[in-house]
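One structure below.
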Amino acid sequence: MCSRSNNTSRGTTSVMVLGVLLVLLTLATNRSLCSVAPHPATISVTSSEPTSSSSSSLTASNLTDRTHPNPPDEPDVTTVRTTPPSAGPGRTDTATTQSEQPPVPPEGQIPLERLPSNTLLKYTAYKDVSILHFRIPTDTRTAFFSFKAYEESKGAFQRNCKPNDITLHLKAGSYPVISPENITFPKHFLDAEERFEIHSLQFKSDSTTRRLSIEGPHPGNWFAVAFISWTDPNNERIEQQGLAASCETLLMSEMSVTNALPQMLNVDVRHEGTLAADQQEPKSFKFFVPSNVSIVTWRFSITQPCANCTDVSFHVQASALPTSRNYLQNAIICPNQTGDVSIDFYPHESAWHYVDMDFMRENPPNSSGTIVAGFHPNDTISTDATNQTEDRKKEGPTSVPEAQALVYTVELIYHAHESVPATASTMTPSTEEPTPESVDSADEGDTLATDTKSLPNRSFDRYPVLRQTYREFFMFDYDLLPDVNGTVPVTLNLTAGIPALMKFDVNDVYDIGGTLSFAVAMRQDLKGSLIDARHESTNEHAGVVAEKLIDIQEEFVPELPAATTITTTTTTSTTTTTTTMAPSTTEAEKTKQSAGKANQTVIVCLRLEEPGIPTWPDKCVYGRHIYPAAIVINNTDADTNTGLVHVPFPEPGSWYVTLGLFCHGSEATARSTIIDSVKDFVRSYRSTLEAMRPPCSCTDRLSYYRSCLADDACLSVLNETETLKIKECIMDAKCTGSRSDEMARKFELHHKYATEQSVQGGVADATCNSSVVFTISSSPCVAGRCGRFGRCYHYMSGGFVFSTCLCLRNYRGWDCTEDSQVPSSASILLASLMLTLSNLLFLPSIFYAVKRGYHSEAIIYFFAMFFSAFYHACDSGEEEFSFCLVKIGVLQFCDFYCGLLAIWVTLIAMSNIRHQFVSLLHMLGAILLAFGTELNKQSLWVFLAPALTGICLISVSWGLRCRKTKRCFPARSYLALYLPIGSVLVMVGLVCFAFLQTKQNYHIVHSIWHMVMALSILCLLPDRKTFHPKC
1 MCSRSNNTSR
11 GTTSVMVLGV
21 LLVLLTLATN
31 RSLCSVAPHP
41 ATISVTSSEP
51 TSSSSSSLTA
61 SNLTDRTHPN
71 PPDEPDVTTV
81 RTTPPSAGPG
91 RTDTATTQSE
101 QPPVPPEGQI
111 PLERLPSNTL
121 LKYTAYKDVS
131 ILHFRIPTDT
141 RTAFFSFKAY
151 EESKGAFQRN
161 CKPNDITLHL
171 KAGSYPVISP
181 ENITFPKHFL
191 DAEERFEIHS
201 LQFKSDSTTR
211 RLSIEGPHPG
221 NWFAVAFISW
231 TDPNNERIEQ
241 QGLAASCETL
251 LMSEMSVTNA
261 LPQMLNVDVR
271 HEGTLAADQQ
281 EPKSFKFFVP
291 SNVSIVTWRF
301 SITQPCANCT
311 DVSFHVQASA
321 LPTSRNYLQN
331 AIICPNQTGD
341 VSIDFYPHES
351 AWHYVDMDFM
361 RENPPNSSGT
371 IVAGFHPNDT
381 ISTDATNQTE
391 DRKKEGPTSV
401 PEAQALVYTV
411 ELIYHAHESV
421 PATASTMTPS
431 TEEPTPESVD
441 SADEGDTLAT
451 DTKSLPNRSF
461 DRYPVLRQTY
471 REFFMFDYDL
481 LPDVNGTVPV
491 TLNLTAGIPA
501 LMKFDVNDVY
511 DIGGTLSFAV
521 AMRQDLKGSL
531 IDARHESTNE
541 HAGVVAEKLI
551 DIQEEFVPEL
561 PAATTITTTT
571 TTSTTTTTTT
581 MAPSTTEAEK
591 TKQSAGKANQ
601 TVIVCLRLEE
611 PGIPTWPDKC
621 VYGRHIYPAA
631 IVINNTDADT
641 NTGLVHVPFP
651 EPGSWYVTLG
661 LFCHGSEATA
671 RSTIIDSVKD
681 FVRSYRSTLE
691 AMRPPCSCTD
701 RLSYYRSCLA
711 DDACLSVLNE
721 TETLKIKECI
731 MDAKCTGSRS
741 DEMARKFELH
751 HKYATEQSVQ
761 GGVADATCNS
771 SVVFTISSSP
781 CVAGRCGRFG
791 RCYHYMSGGF
801 VFSTCLCLRN
811 YRGWDCTEDS
821 QVPSSASILL
831 ASLMLTLSNL
841 LFLPSIFYAV
851 KRGYHSEAII
861 YFFAMFFSAF
871 YHACDSGEEE
881 FSFCLVKIGV
891 LQFCDFYCGL
901 LAIWVTLIAM
911 SNIRHQFVSL
921 LHMLGAILLA
931 FGTELNKQSL
941 WVFLAPALTG
951 ICLISVSWGL
961 RCRKTKRCFP
971 ARSYLALYLP
981 IGSVLVMVGL
991 VCFAFLQTKQ
1001 NYHIVHSIWH
1011 MVMALSILCL
1021 LPDRKTFHPK
1031 C
C-alpha cells in the first residue's frame, strides 16, 4: 500500500515538478521592449545631441558590414522592367547554400559586378537598410540588375523559414531618400522630381531572381538600399528569442550592361554618315562641350533623302545616352527632303553629350514640346505637315521599310558665352511656359533652307565660392571669395534683369551621406556688424548654419548704404566685385530707389549640373523643363523674407544656385506709368474695335476711338477715363464675345510686365537692387539635428557611411517631427506606473520568505524587485517621466542577473537538499549566471541552464527522500494545493510573456507578468509546515 502510494506520488511529483520548474525559468526576465541589443551590422557611433552616455568615435574597428560567403542555388528568373513592380508568387521552401557555377549572361550583356551576400534587416528606421554599390561605366546603353533573396536557418534544429517581403530602391549618384511608412517629407526638402529617379522593386525572399533594367543610366556610382519590408510595429507580436525560428534573410546582387559604340564628333567639322533603316540600335554620337559654351547648334544636312522612310527622331542628353523620357532636347526630322536642319540646345558645362538618331519604328511619342523640322515658320498650326504625317500613318504600318537609308552630314557649332548674336541675347518677357524652339525651314522645292532660329542666351552674374571643410563627417560650407583686403563678403548684391549664379561642388562618396542646405534672407535693413557676427558664427558652427538665418530675428535698424556692383567681363568668365559706397544721391534718386525696393521678390533655383532661369512668379526654367522654384522670398514681412531648402543625400557633381530679383507692383509705382501701359495695350489690340456692336458700351463713340488709337498724338492726350473705358470694352463679353477671356488674360500679362522686372531680359535695371545673406552648407541628418525628439547618428553599411535620425516617443519621419502616433502624456505616465508599481507585489513574497527562514532568497527577491522597478522607470517614461538611477545598461544587467538568481535560489529551496550544500550551490550559480548574463542576456540557454539543473536537483532530491522514507515527499497538501496553484500562475505568466505581448499592449501584458510571477513565489516557496510530511 505504501509502495503503490509512493510510486504514484513520485510519478505525480515528477510531472508537476517538471512543469513548474520549466515555467520558473522565466521568473526574472523582466525585460522591456527596448532592451534588444543593436544589430552588429548597423553600429551607432556618434550623436549630435548631448546624452547621458558618451558617444564612441567612428573607427574601422567599430564599423562592420553585413556579408555572407555562400551563394544559394540559381532558381527561376523573373525580369522586371517597370517600377515599382509587383511581387511575384513566392515559394515557401527555404533556399539552400550549395555552391554553383556562375550563370551565363544573356547574349550581348557584359557582366561587371557580383556582390557578396548581404544580410537584410527588418525596416524600423533608415539605419536598418543594407547598402549595395554598383559602378556603371560610360557609354552604357542599358544596365541590368539581378537580385535574389533567400532565407537561411541559423539553428541546426530550427524549422523551415518563411519567405519575407523584400523592398529595394536603386538610385544614381547617392543613397535613395525613401519613406517606407508613407510619411510626408519635411516641407523644405527639394522636390524629388528635380533629382535622379529612384527605381523601386518589391519581391519575396523565395530564391527567385528578379531583374531590373534601366535604359540610358547615368555613369558612375549607383546605390541600392534593401531591407525586409516595413510593417506596422504596433500590430506585431514580440517574440522571445529562442522560441521563434531563427532565420537570416540574405540578398545576392549582380549587374551587367550593354554598351553603345557612339561616333565621336569634333566641333566645326562635317561628319558624313548613313542612317540605315534595318539597323537594330539608334545611331549614337558623342562629343565634349567645354565650360565656356553657352549654346550648341546641331546642324544636320540631308544629302540623300529617303522618300519612303518614317520620320527620324533626335534626342540629346548630357553624361548619359538619351532615352524617350530623359533628354535635354528632342526633335522629329522629315527624311524625305534635302537641306540643313539646325537644332539648338543648352549644354551642360564640361560634360560629354550623347545624341541618338533613329527611324520611328513604333507609335510616335507625344509631340508636346518636340521640335519638328521642315515646317514653314509662318504656319502656326503646321496643318500641311501634320496632314503629311497622318497620311504616312494611314499608308501602312509604322515599321521602317527594308533596304532604305538616309545619307547625311553632321556639324557641331559651339556658341561661347559672349559669341551669341545680339538678337539672341535679348528676349521679350513671357509668363507662359516656354517650349523648345522649332527648327524652321522654308519649303522651296525639294530643298530645306538653312535658317536657324537661335535660343536666347542665358546671362548670369557669376560669383565664385570657396569651400571650407570641417573634421566631422559631411560637414562643409561655401563662402564668397575674399576681397583684395582679405575680408569675406557677407552679402550678395542682386540686380533685376540678371540673375546671380553660384556654382559649387559636392564630392563623391564622402559628401553624400549628409544633407545639403541652402538658406537665404533679405537682410538689407540690418546692421553690417550683425551680419558679420552671423558670418563668423556660421563658419564656427557649420552643422546648423541653415537654421541660423531662420531662427535668429534681429532688431530692424536703418538700412545699409546702397551697394555698388562693378562687373568685369572677359571672354571666358565674369568676375563680380562688391563694394559699399557712402550714399550720395539726390532726393529724387532716393525716391526712385525706395520705390524699387518697396516690394521685392527673390526667386531661387537649385539644381545639379544645370543652372536655372528664375521666372515669375515661382518657377525655374531648365532648358525645356519647368519646375517649381526651390525658394521664393520677399521683403513684405518677417515671415516671408527668409527661405530654406534641404537636399538629403545630395548627388555628387556641380550644383548651381541662381537668384533672380523682381521689383513689382507697389504704391510708389507712378500712376502715369500704369496708364501708359493701358494705352499700349489698347493700341496693340485696336483691331478688336472693328467687330464691336451694340449693346457694347463703346459703340456710341466707336469711330472716335478707332481714329484716336491710330493716331499717336491723339492717344497721348487721351484722358484716363476714356482709356480705361476702351480697355474694359476690349475685355467685355458684350463687345468682343468669346475672345473676352483671352483679352483679359493678355491684359493681365501685359500689365504685370509693365510694372515688374524680368530676369530673362539679360539687361540689368539699376533702379531695382537688393542685398541678401545666404549660406551653403552640409551637415549630418537635417541641419545637424533631428527635431526635439530625435537623435542624429552615423552608420555604416557596405563600407559607406551615412547619417540618419533615430526618433523617440513614437515620433516618426525623416526629421522626427511627425507626431500622429505620439501617445499622450497621461498614457505615457500610466504605462510607466504600471510597469514600475507592478513589481511591488514582490513585497509579500519577500515577507513570507523571511518568515519561512529563507533570508538569502528574500534578499534576492528584494533586489529583483528593486532593479526591475528602476529599470522600467528609466526605460518606459519616454524621457518625459523617466528616471534613471544609473545608466540604463547597468540597470538592465542587474534586472536580468537578479531574475536569473531568483530562479536559481527558488529551485534550490524547493529541492530541500542538505544545508551544507546550499551555500556552495548559491555561489556556484551566482558566478556562472553572471558569466552567462554578460555573454548573452537574451539567450534562451541562459535561462534553460539553471532551470534544467534545478529540475534535476529537485528530481534526485525528492526521489531519494521518498525512497528513503517510503513516504510521499513533499507533503500531499503541497502537492495537491500549493504546487498546482503556483504552476497555474506561472503558466499564465509564461503565455502572456511569450505569446501575447505586442508593442501596443506591452505595458499591460508585461505588468500582468510581473504580478503573477511574484504571486507564484508565495505558493512555490516551501513552508516547513506544509512541505514536510508528518510522521
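The sequence shown finishes on residue 1031 if you use full-length UniProt numbering, and the numbering steps up by one all the way, no holes.
Glycine included, C-beta positions come from ideal geometry on N, C-alpha and C.
Only a predicted model underlies this, so the values are computations on that prediction, with no experimental measurement involved.
For the beta strand (DSSP E) that Thr-601 lies in, which residues bound it at each end? By 1-based counting over the sequence shown, the position of residue 601 is 601. 600–608 is the span of the beta strand (DSSP E), which, as asked, contains Thr-601.
State buried or exposed for Val-36, treating a residue as buried only when at least 16 other CB atoms are found within 10 Å of its CB. Taking the sequence shown and counting its residues from 1, one reaches residue 36 at position 36. Residue confidence is low: Val-36 scores 34 on pLDDT, short of 50, so the model does not pin down where it sits. No coordinate-derived value is stated.
Just grab the DSSP bridge partners of Glu-254 for me. As a working mapping, residue 254 is identified with position 254 in the sequence shown. Paired residue(s): Arg-114, Ser-146.
Between which two residues does the beta strand (DSSP E) containing Arg-471 stretch? As a first step, residue 471 is located in the sequence shown; it is residue number 471 there, counting from the start. Counting along the chain, no beta strand (DSSP E) covers Arg-471, and no H or E run does either.
Could you name the residues of the same chain whose beta carbon sits closer than 6 Å to that of Val-850, not counting the 5 residues immediately before and after it, in chain order? Along the sequence shown, read from residue 1 onward, the residue named residue 850 stands at position 850. Contacts found: Ala-858.
Residues bridged to Pro-648 (per DSSP): Indexing the sequence shown from 1 puts residue 648 at position 648. BP columns for Pro-648 point to Thr-515.
Taking buried to mean at least 16 other C-beta atoms within 10 Å of its own C-beta, is Asn-599 buried or exposed? The count along the sequence shown starts at 1 and reaches residue 599 at position 599. Burial call: buried.
CB Tyr-414 to CB Gly-623, shorter than 8 Å? Taking the first residue of the sequence shown as position 1, residue 414 is located at position 414. Taking the first residue of the sequence shown as position 1, residue 623 is located at position 623. Going by C-beta atoms, Tyr-414 is not nearer than 8 Å to Gly-623.
Less than 7 Å separating the Cβ of Ala-260 from some heavy atom of the ligand NAP? As far as ligands go, the structure on display features none, and thus does not contain the ligand NAP.
Would you check if the distance between the CB atom of Thr-658 and the CB atom of Gly-612 is smaller than 8 Å? Stepping through the sequence shown from its first residue, residue 658 is reached at position 658. Stepping through the sequence shown from its first residue, residue 612 is reached at position 612. Yes, they are a contact pair.
Beta-carbon contacts of Leu-501 that lie in its chain and below 6 Å, excluding the five residues immediately before and after: Position 501 of the sequence shown holds residue 501. Excluding its 5 nearest sequence neighbours in each direction, Leu-501 has C-beta neighbours in its own chain below 6 Å: Phe-460, Arg-462, Pro-611, Thr-658, listed in chain order.
Alpha carbon to alpha carbon, how far is Phe-747 from Trp-298? By 1-based counting over the sequence shown, the position of residue 747 is 747. By 1-based counting over the sequence shown, the position of residue 298 is 298. Inter-residue distance for Phe-747 and Trp-298 is about 38 Å (C-alpha atoms, whole angstroms).
In three-state DSSP terms, what is Tyr-123? Here residue 123 refers to the residue found at position 123 of the sequence shown. Under the three-state reduction of DSSP output, Tyr-123 falls in the coil class, being neither helix nor strand.
Starting from the C-beta of Thr-817, find all residues in its chain whose C-beta is less than 6 Å away, skip the five residues before and the five after it, and write them out in chain order. Walking along the sequence shown from the start, residue 817 turns up at place 817. Answer for Thr-817: Gly-787, listed in chain order.
What are the boundary residues of the alpha helix (DSSP H) that includes Ala-320? The residue labelled residue 320 in the question sits at position 320 within the sequence shown. Taken as a continuous stretch (DSSP letters only), Ala-320 belongs to no alpha helix (DSSP H), as it is neither H nor E.
What residues in its chain sit with their C-beta under 8 Å from that of Ser-130, if we drop five residues either side in the sequence? For this step, residue 130 is matched to residue 130 along the sequence shown. Hits under 8 Å: Ala-41, Arg-66, Asn-118, Thr-119, Leu-120, Leu-121, Val-225, Ala-226, Phe-227, Leu-251, Ser-797, Gly-798.
Thinking just about the alpha-carbon of each residue, which of Leu-481, Asn-810, Ala-276 is nearest to the one in Ala-405? For the purposes of this step, residue 405 is identified with residue 405 of the sequence shown, where counting begins at 1. Considering only Leu-481, Asn-810, Ala-276, the residue with the shortest C-alpha distance to Ala-405 is Ala-276.
Taking 8 Å as the cut-off, does the region 159–167 touch the region 132–146 (at least 3 CB pairs, one atom from each stretch)? No contact exists between the region 132–146 and the region 159–167.
Quick one: what does DSSP say Arg-745 is sitting in, helix, strand or coil? Position 745 of the sequence shown, counted from the start, is the residue given in the question as residue 745. Three-state DSSP puts Arg-745 in a helix.
Supposed close pair Val-1005, Leu-996 - CB separation, criterion 8 Å: Position 1005 of the sequence shown, counting from 1, holds the residue named residue 1005. Position 996 of the sequence shown, counting from 1, holds the residue named residue 996. 5 Å between Cβ atoms; contact.
Bridge partners for Pro-628 per DSSP, in chain order? Indexing the sequence shown from 1 puts residue 628 at position 628. The partner list for Pro-628 (beta bridge, DSSP) reads Lys-619.
Tell me where the beta strand (DSSP E) around Thr-409 begins and ends. Translated into the one-based positions of the sequence shown, residue 409 becomes position 409. In this chain, the beta strand (DSSP E) harbouring Thr-409 covers 405–416.
Where DSSP assigns a beta bridge to Cys-792, which residues make up the other side? What you label residue 792 is simply residue 792 of the sequence shown in a count that begins at 1. Cys-805, per the DSSP bridge assignment.
What number of angstroms, rounded off, separates the C-alpha of Ile-333 from the C-alpha of Asp-741? Taking the first residue of the sequence shown as position 1, residue 333 is located at position 333. Taking the first residue of the sequence shown as position 1, residue 741 is located at position 741. Distance from the CA of Ile-333 to the CA of Asp-741, rounded to the nearest whole angstrom, comes to 36 Å.
Go to His-218, then tell me how far its alpha helix (DSSP H) extends in each direction, as first and last residue. The sequence position of residue 218 within the sequence shown is 218, counting from 1. That residue, His-218, is in no alpha helix (DSSP H); it is neither H nor E in DSSP.
In angstroms with no decimal places, state the Cα-to-Cα distance between Val-991 and Gly-513. On the sequence shown, position 991 is the one that residue 991 refers to. On the sequence shown, position 513 is the one that residue 513 refers to. Val-991 and Gly-513: Cα-Cα distance of roughly 45 Å.
Which residue's Cα is closest to the Cα of Ser-825: Ser-882, Ile-846, Pro-780? As a first step, residue 825 is located in the sequence shown; it is residue number 825 there, counting from the start. Distance from the Cα of Ser-825 is smallest, within the candidate group Ser-882, Ile-846, Pro-780, for Ser-882.
How long is the line joining the alpha carbons of Thr-577 and His-794, rounded to whole angstroms? Sequence index remark: in the sequence shown, residue 577 carries index 577 (1-based). Sequence index remark: in the sequence shown, residue 794 carries index 794 (1-based). In this predicted model, Thr-577 has a pLDDT of only 35, less than 50, meaning its place in the structure is not dependable; the value taken from the coordinates is given anyway. Their Cα atoms are separated by approximately 40 Å.
Leu-468: which of Cys-962, Ser-919, Ser-779 sits nearest, CA to CA? Working through the sequence shown from its first residue, we reach residue 468 at position 468. Residue 468 is actually Gln in this sequence, not Leu. In terms of CA proximity to Gln-468, Ser-779 leads the group Cys-962, Ser-919, Ser-779.
Is it a yes or a no for the region 869–881 touching the region 909–920, going by three-plus beta-carbon pairs under 8 Å? The region 869–881 makes no contact with the region 909–920; the number of CB pairs closer than 8 Å stays below 3.
Where do the N-terminal and C-terminal ends of the alpha helix (DSSP H) with Gln-916 fall, by residue? The residue you call residue 916 lines up with position 916 of the sequence shown. Here the alpha helix (DSSP H) through Gln-916 covers 915–935.
How would you label Met-264, buried or exposed, when you count the other beta carbons within 10 angstroms and need 16 or more for buried? Mapped onto the sequence shown, residue 264 falls at position 264. Flag for Met-264 reads exposed.
By DSSP, does Ser-61 sit in helix, in strand, or in coil? Sequence index remark: in the sequence shown, residue 61 carries index 61 (1-based). For Ser-61, the predicted model reports a pLDDT of 34, less than 50, meaning its position is unreliable; a value from the coordinates is still stated below. Residue state, collapsed to three classes: helix.
DSSP three-state label for Phe-375, please. For the purposes of this step, residue 375 is taken as the residue at position 375 of the sequence shown. For Phe-375, the pLDDT reaches just 36, beneath the cut-off of 50, and the residue's location in the model is therefore unreliable, although a value from the coordinates is still provided. Of the three classes helix, strand and coil, the one that applies to Phe-375 here is strand, per DSSP.
Touching or not, the region 311–323 and the region 348–355, by the rule of three or more beta carbon pairs under 8 Å? Counting Cβ pairs under 8 Å, three or more are found: they touch.
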